[in-house]
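Those letters in the sequence shown? Residues 2 to 146, by the numbering used here.
Glycine included, C-beta positions come from ideal geometry on N, C-alpha and C.
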Amino acid sequence: MSMDFNLYVNDIVRQAREDMEQAGYEQLQTPEEVEEALSRKGTTLVMINSVCGCAGGVARPAAAHAIHYDKRPDHLVTVFAGQDREATAKARSYFTDYPPSSPSFALLKDGKICTMVERHEIEGHDPMSVVNKLQQYFDQYCEEV
Numbered sequence: 002m003s004m005d006f007n008l009y010v011n012d013i014v015r016q017a018r019e020d021m022e023q024a025g026y027e028q029l030q031t032p033e034e035v036e037e038a039l040s041r042k043g044t045t046l047v048m049i050n051s052v053c054g055c056a057g058g059v060a061r062p063a064a065a066h067a068i069h070y071d072k073r074p075d076h077l078v079t080v081f082a083g084q085d086r087e088a089t090a091k092a093r094s095y096f097t098d099y100p101p102s103s104p105s106f107a108l109l110k111d112g113k114i115c116t117m118v119e120r121h122e123i124e125g126h127d128p129m130s131v132v133n134k135l136q137q138y139f140d141q142y143c144e145e146v
């Protein structure tokens, strides 16, 4: 039995994108979309998506659940590392002083980085610990909804 690897990966990517869209995140697939989204006033949570296990098992569930909170970012966006390379590179250009990391979360205010939750804070952790970390940052940087 042979398996077409590209079909397999494309199915995983499609599902990962759908997970984020269903959670309310806007897909950014070009550098221009990233620039437009990250120049908005207010707070923006950027989820750097990926196909790794910790993205599917921890980061995406945390992204979906963290936003059900009294305080949350004004804008929710996502870029897909390894898929939308130019968009991801553009987003990472805003994350000064942080190395590339995926999956990860970046919280920006008026286009300036406030903080990040990096891969090492996601991989090996449970979704609720990431939710709690994100919500602590929402308390610090976001307004009540």
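**Item:** Length of the line joining the Cα atoms of I49 and P62
**Value:** 13 angstroms
**Request:** State the start and end residues of the unbroken alpha helix (DSSP H) segment that holds K110.
**Result:** Premise fails: K110 lies in the beta strand (DSSP E), S105 to K110, not in any alpha helix (DSSP H).
**Message:** Once the 5 residues before and after E124 are set aside, which same chain residues still bring their CB inside 6 angstroms of it?
**Reply:** C55
**Request:** Out of S103, A67, H76 and E22, point me to the one whose CA is closest to V52's CA.
**Result:** Among S103, A67, H76 and E22, the Cα nearest to that of V52 is on S103.
**Backbone CA spacing between E27 and L8 [nearest angstrom]** = 24 angstroms
**Request:** May I ask you to report which of helix, strand or coil DSSP gives L77?
**Result:** strand
**Message:** Using a Cβ-Cβ cutoff of less than 7 angstroms, which residues in the same chain neighbour E22 once the five nearest sequence positions on both sides are dropped?
**Reply:** Q28
**Asked** In chain order, what residues of the same chain have a beta carbon less than 6 angstroms from the beta carbon of A38, not counting five sequence neighbours either side?
**Response** L29 and V78
**Asked** chain C beta carbons: is any one of them nearer than 7 angstroms to that of H121?
**Response** Chain labels in this structure do not include chain C; a single protein chain is all it has.
**Prompt:** The beta strand (DSSP E) with V118 in it runs from where to where?
**Reply:** Under the DSSP assignment, V118 falls in the beta strand (DSSP E) whose first and last residues are K113 to V118.
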